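Residue numbers (my numbering): 1005 to 1135.
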């Protein structure tokens, strides 16, 4: 007997796994540039505010209950999409869909660290370029 629910679960799992192996920067800077109308000052401010949210989430997620987890994931998902951190947004969406799967929290924490390191690296590069 063929079960459509099994196909949906398999597709969701393949989607979750597949998108994580895309060799792309943690933040789509072209998206952020469009979103901030090319204003580097605004882009920097938006990223700074987003990183504060990510830092807070990284501290809270390991110990929070399911309700708090859903709230944090929802908040981060929106902010991540706004700045172009699409993989992080997708992981947050996965957490919303399966808050009982604590392995997603580990994935989130790993990707959040990559986002933070990437932003730090591009900020350092820009400071060097402007002297």
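We put the CB at the ideal spot given by N, CA and C, even for glycine.
As the structure is a prediction and not an experimental result, all values here were calculated from the model.
So is residue i buried or exposed if we call it buried at 16+ other beta carbons inside 10 Å?
i	result
residue 1034	exposed
residue 1115	buried
residue 1133	exposed
residue 1041	exposed
residue 1094	buried
In whole angstroms, what separates the C-alpha of residue i from that of residue j?
i	j	result
residue 1110	residue 1037	29 Å
residue 1048	residue 1124	11 Å
residue 1055	residue 1120	7 Å
residue 1061	residue 1044	25 Å
Does the separation of the CB atoms of residue i and residue j fall below 8 Å?
i	j	result
residue 1051	residue 1087	yes
residue 1031	residue 1089	yes
Candidates the options: which alpha carbon is nearest residue i's?
i	options	result
residue 1028	1056, 1041, 1092 and 1133	1092
residue 1084	1044, 1042 and 1118	1118
residue 1000	1066, 1070 and 1058	Look at the range of the chain in this structure, 1005 to 1135, and you will see that residue 1000 is not part of it.
Taking only heavy atoms of the ligand GDP into account, decide whether any of them is closer than 7 Å to the Cβ of residue i.
i	result
residue 1061	The ligand content of the structure shown is nil, which means the ligand GDP is not present either.
Counting Cβ pairs, one atom from each stretch, are 3 or more of them under 8 Å apart for the segment 1124-1132 and the segment 1065-1084?
no
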